[in-house]
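Everything on this sheet refers to the single structure shown next.
In the numbering used here, the protein residues as written are 9 to 131.
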């Protein structure tokens, strides 16, 4: 069985940008990050290189400015992280994970309605 990917919080921030923007240059990722926080261009470049080494992103070197893209879809990454959390914290019980999320108070009424909708369609 393949080991699940466990990106750091900063790596997830970069991945969310790449999932939203699509394949992007360092300059584009840097500009997006700097809308919210102050990042050095060289720091963004280094982080993307580390993520490349870890298999979190791919790099297209066909152009002068290299283009980075997520190596895994958002859904695949979410699935791996949820599976890991379920195993480590809830002994493999997805039901316990869902109940903990619902009891936490972090689920909005809109999200609860969507959950009901999804559960209503399953038999």
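Each residue gets a CB set at the ideal place from its N, CA and C atoms; glycine is no exception.
| Asked | Found |
| --- | --- |
| Sub-9 Å separation of residue 34 and residue 74 beta-carbons | yes |
| Which residues DSSP lists as bridging residue 94, in chain order | Partner(s): none; residue 94 has no beta bridge. |
| Alpha-carbon spacing of residue 125 relative to residue 89, whole angstroms | 24 Å |
| First through last residue of the alpha helix (DSSP H) which encompasses residue 47 | It is not in any alpha helix (DSSP H) - residue 47 carries neither H nor E in the DSSP assignment. |
| Burial state of residue 32, where buried means 16 or more other Cβ atoms lie within 10 Å | buried |
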